[in-house]
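Q: If you count the sequence shown from 1, position 46 lands on 45 in numbering that gives the first Met the number 0, and the numbers rise without skipping. The beta carbon of each residue, even a glycine, is placed where N, CA and C say it ideally should be.
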Amino acid sequence: MPSYEELDITPMINANATLTRLGGSIMPPEVLEAMMAAAKSFIELPELQRRVGNRIALLTQNEACYVSSGAAGGIVVAIAACVTGNEKWAIEQLPDLTGLKNEVIVHKSQRNGYDHAVRQVGVRLIEIGWPGQAELWHLERAINEKTAAVIWFEGALGSPGDVPLENVIDTAHAHG
């Protein structure tokens, strides 16, 4: 297999974070060894996905977990789950959203490159607030029968003037 040097790919120093577009992260030797051992067998991937998800959810004290290909892949799966719920017919119907909830609410200040991952499912983004500020009433007025999800981007993608996450969660849950 050609090395990055042989492919004329410039090495870099990642001074940001664990970013998919920068290769995710450098894996420790024990992870590479586990991957090599796993690569020697055939398995049913859906079973692996379920078991790994259950294990990670338990370890991280979350209600559920799904391992994805990266941030964008995780967003696509999460939005698709919000649109379809537990309805197998709806899952099979994607990307046709006829009869399904097809709007996702986002703070105007949190619009970013991951918008494409959200919209990949076919939903329409509904912006709330103004640049740098949103009020709770913006969110309450935006939620309707077409709302599949309210998306929140933590950290540098947000603004101190955004509706606090706890209030977003409470309001979204109050509307089902």
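Take E46 and list the residues in its own chain whose beta-carbon comes closer than 6 Å to its own, dropping the five residues that flank it on each side.
A: Counting only Cβ-Cβ distances below 6 Å, and skipping sequence neighbours, we find nothing.
Q: Report all residues from its chain with a CB closer than 6 Å to the CB of E144; omit the five preceding and five following residues, and keep chain order.
A: The answer is none, since no qualifying residue turns up.
Q: How should T83 be labelled, buried or exposed, when 16 other C-beta atoms within 10 angstroms of its C-beta is the threshold for buried?
A: Counting Cβ neighbours within 10 Å, T83 comes out buried, since at least 16 surround it.
Q: How far does the beta strand (DSSP E) with E4 in it reach, from first residue to last?
A: Here E4 belongs to no beta strand (DSSP E), and DSSP marks it neither H nor E.
Q: Taking buried to mean at least 16 other C-beta atoms within 10 Å of its own C-beta, is T146 buried or exposed?
A: Buried, because 16 or more other Cβ atoms sit within 10 Å of the Cβ of T146.
Q: Check H137 in the structure and name its three-state DSSP category.
A: If DSSP states are grouped into helix, strand and coil, H137 belongs with the helices.
Q: Could you give the DSSP three-state label for V51: helix, strand or coil?
A: Residue state, collapsed to three classes: helix.
Q: Could you tell me how far apart the beta carbons of N101 and R123 are, in whole angstroms, since I believe they sit closer than 8 Å?
A: Yes, N101 and R123 are in contact; Cβ-Cβ is about 6 Å, under 8 Å.
Q: Taking the C-alpha atoms as reference points, what is the distance between K107 and E32?
A: One C-alpha to the other measures close to 44 Å.
Q: Below 6 Å, is the gap between the Cβ of F41 and the nearest heavy atom of the ligand ADP?
A: Of the ligands one can find in the structure shown there are none, so the ligand ADP has no counterpart to examine.
Q: Going along the chain, which residues of its own chain have a beta-carbon closer than 7 Å to the beta-carbon of S24, five neighbours each way excluded?
A: Within the same chain, S24 has close Cβ partners T17.
Q: Is it buried or exposed, V167, if we count other Cβ atoms within 10 angstroms and call 16 or more buried?
A: With 16 or more Cβ atoms within 10 Å of its Cβ, V167 is classed as buried.
Q: With distance defined between alpha-carbon atoms, name the residue in E134, A141, L96 and I142 nearest to P163.
A: Looking at the Cα atoms, E134 is the closest of the given residues.
Q: Which of the three DSSP states, helix, strand or coil, is assigned to A89?
A: Three-state result, A89: helix.
Q: Rounded to whole angstroms, what's the CA-CA distance from G72 to A116? Just pull it up for me.
A: For G72 and A116, the distance between alpha carbons rounds to 7 Å.
Q: Which value, in whole angstroms, describes the spacing of the CA atoms of S40 and M34?
A: So the two alpha carbons sit approximately 11 Å from each other.
Q: Mark L210 as exposed unless 16 or more other C-beta atoms lie within 10 angstroms of its C-beta, in which case mark it buried.
A: Since the first residue of the chain shown is 0 and the last is 175, residue 210 is not available in this structure.
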